[in-house]
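Visitor: One structure follows; several queries about it will come next.
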Amino acid sequence: MSARQKIVLGLILITFGGMIYLSYRPTSILLFRVLDVVGLMPFIEDWRTMAFHWQPSEFVVYSLPGGLWSAAYILLVHALLEHHTAVLRITVASIIPMVGIVSELMQSAGLLPGTYQLTDLWCYALPLFILLISETLKNTTLWQVFSTASVVSN
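Residue numbering for the sequence shown follows this note's numbering, beginning at 428 and increasing consecutively.
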């Protein structure tokens, strides 16, 4: 996939995640107060009225947007750092998914406010897992590092 295709797909994922979020999340969230202050709430309310006819599952409303944004971030970083080393691409692309994973784990331990959801954890982790597999399969050096680490640990 070219850098341009990754950027386009990343922007599409951000858009879909945002549309789901704006359509179905409770309006008590800070984002909606900000949108009200800048005068966008009448448009958002019209959009929410149109979207009301379809009631998606809780997974779509509460977990999927984070996964879409995690995947979008990975794609965008990967495209922007295309000519850098695989280690740098993976490191930078891992930041947002790891923040999501750690925050879910902290919620599960009661160390961070919020509702722990295993589906949220999977939605943050799956794009990262796909990135790691993809980079490992196409980069012999990384493959050697992982296989050497496996042999050393045994």
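The beta carbon of each residue, even a glycine, is placed where N, CA and C say it ideally should be.
These numbers come from a predicted model, not from an experiment.
With distances taken from CA atoms, which of L467, L508 and I523 is nearest C550?
Guide: Measuring from the Cα of C550, the nearest candidate turns out to be I523.
Visitor: State the CB to CB distance for the pair L555 and S521, rounded to an integer number of angstroms; the pair is presumed to be in contact (CB under 8 Å).
Guide: 6 Å between Cβ atoms; contact.
Visitor: Closest to Y500 by CA distance: which of L564, I439 and R452 is it?
Guide: Residue I439 is the option with its Cα nearest to Y500.
Visitor: Alpha carbon to alpha carbon, how far is M533 from L458? Give it in angstroms, no decimals.
Guide: Going by the C-alpha atoms only, they are around 23 Å apart.
Visitor: Report yes if the C-beta distance between W481 and L449 is below 8 Å; otherwise report no.
Guide: Against a cut-off of 8 Å, the Cβ pair of L449 and W481 comes out as no contact.
Visitor: Under DSSP, the alpha helix (DSSP H) around A520 begins and ends at which residues?
Guide: It spans A513 to A520 - the alpha helix (DSSP H) in which A520 sits, taken as one unbroken run.
Visitor: State the DSSP-derived secondary structure class of W481, mapped to helix, strand or coil.
Guide: Three-state result, W481: coil.
Visitor: Looking at C-alpha atoms only, which residue of G437, I471, L539 and L436 is the closest neighbour of P453?
Guide: Closest option to P453, Cα to Cα, is I471.
Visitor: Measure the CB-CB distance between I434 and L503 and report whether it falls below 8 Å.
Guide: Yes, the pair counts as a contact, with Cβ atoms nearer than the cut-off.
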